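Encoded as structure tokens, the structure appears first; notes follow it.
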Amino acid sequence: MITLHEKTFTCPIDVSLSFINGKWKVLILGHLHRFHQSSFSNLREQMPGISEKMLTQQLKDLEKDQLIVKHVLSAKPYRVEYTLTPLGQSLSPVTAFLSQWGIRYLKDNGIDYLKDQHLYK
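The UniProt record's numbering puts the first residue of the sequence shown at 1, with every later residue one more than the last.
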């Protein structure tokens, strides 16, 4: 067992998964990898099914884990933008791999996402 920051892990994969566990964190990181920066509202639009509360919590967790940084653009109206930190950028090969794997899997099952991705927005 590995103990770090008062948490216990079974192996290095367990450590890695603790940062990106759940459906939404990987999608947020993948979106920021692809577009480099994003507002709260843009992230919400890109992830149908996520509630405002869940998105807020996931963003706070990613900030706490130092994978993203929040930039306040204006106070009134309140506007923020999120970007990857260098630590978050180091996960970009993971999100890129997951995306490519999903594209291959879809193609093997009769869906050409790259050709028809406009249909899936």
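A virtual CB, placed ideally from N, CA and C, is assigned to each residue, including glycine.
Model, not experiment: these values are computed from the prediction.
- When DSSP assignments are scanned along the stretch 35-121, the uninterrupted stretches of alpha helix (DSSP H) that are 4 or more residues long and fall wholly within it turn out to be 40-46, 52-64, 86-89, 92-108, 113-116.
- Sorting I2, K60, K76 by C-alpha distance to the C-alpha of D14 places I2 at the top.
- Contact check for E6 against S38 fails: the beta carbons are separated by 8 Å or more.
- By the Cβ-count criterion, W24 is buried, with 16 or more other Cβ atoms from all chains shown falling within 10 Å of its own Cβ.
- For T3, the enclosing beta strand (DSSP E) begins and ends at 2-4.
- With a 10 Å radius around the Cβ and a threshold of 16 neighbouring Cβ atoms, T95 comes out buried.
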